[in-house]
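Here my numbering is used: position 76 in the sequence shown is 77, and no number is missing along the way. Reading through the structure tokens given below for one structure.
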Amino acid sequence: MPVCVFSVCLYLYVRLHLSLHVLSEFSLLLSILPVRVQMTEMSREMMKLGLIDEMVGDAIDSMDPAELEEESAGEVLQVMSELAADVISQLPDSEKAMLPQAAQAQAAAKPAEKTAVDEIDARLKAL
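Below, the structure written as structure tokens:
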């Protein structure tokens, strides 16, 4: 019986020693510091994305549907006015004389065109 217990203990010792050797080699391969740095950077990026997502969500939630509809109606009216002014400016003088005075005045006083940069700036300021 004592030989059997001794052989089992020896077997366990060898296995534990091999496991310890494998773990020590693995720890040499896997350096903790670079993993920690990567995890910290990833955590920061995820926090930034979460904050940006939250800010965009808050901005969208804070928009009033009635206000958006008024803005879109104003933009449509402005585009239609610009198109009408362009069409009127391309008409010959004989046909312009037949138009009402309001249409001629509108064609003469074309609204200042906004550039894309101005529109983006205005939207950013609104946020």
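Idealized CB from N, CA, C, for every residue including glycine. All of these numbers come straight from a predicted model, not from anything done at the bench.
Met56 and Met48 have their alpha carbons spaced roughly 12 angstroms apart. Beyond the five residues adjoining it in sequence on each side, Arg37 comes within less than 6 angstroms, by CB distance, of no other residue in the same chain.
The alpha-carbon of Ala127 is positioned some 17 angstroms away from that of Asp54. In the structure shown, the three-state DSSP call for Pro93 is coil. The beta carbon of Ala60 is closer than 7 angstroms to those of Leu128 in its chain, skipping five residues each way along the sequence. Counting along the chain, the unbroken alpha helix (DSSP H) around Met43 starts and ends at Ile33 to Ser63.
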